[in-house]
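K.L.:
Residue numbers (full-length UniProt numbering): 1 to 136. My questions will all concern the structure given below.
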């Protein structure tokens, strides 16, 4: 049976995949001429850089989320706290993506990022706790 941390990890992969699709669609008018306005402009020009930046963000802090999850998955017992923190991370990432793509509110984006930040720190606290228990 698969470890329960796999599901939030896979959901984050799905989010990154969706962002690739959105980026491709928003770049289509410029790259392929598909969906251009009658004046030749790209109707997605304002949102495309925000999608691109958000996609890049999916390969920054989340790397620490994946590392913590992989280390926690080596433990034979499943931690309810770890699974809860992983789902909190995912929902925080979804909220962060929505705020970054659909608004220009940097203050709100920072607040929403805090959800991901704290959830990942919580996962790492669990990793360190497991390591200290094994060493004892």
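No residue lacks a Cβ here, since even glycine has one placed at the ideal position from N, Cα and C.
Rounded C-beta distance between residue 13 and residue 26? I'm assuming under 8 Å.
P.N.:
The Cβ separation is near 21 Å, so there is no contact.
K.L.:
Using DSSP with H/G/I as helix, E/B as strand and the rest coil, what is residue 96?
P.N.:
Three-state result, residue 96: helix.
K.L.:
Express the C-alpha separation of residue 37 and residue 4 in angstroms, rounding to a whole number.
P.N.:
Roughly 46 Å between the two C-alpha positions.
K.L.:
Determine the DSSP secondary structure at residue 61, reduced to helix, strand or coil.
P.N.:
Coil, per DSSP.
K.L.:
Does the structure place the region 18-33 close enough to the region 46-66 that three or more beta carbon pairs sit under 8 Å?
P.N.:
At 8 Å Cβ cutoff, the stretches touch.
K.L.:
DSSP state of residue 52, grouped into three classes?
P.N.:
Note: residue 52 maps to helix in three-state DSSP.
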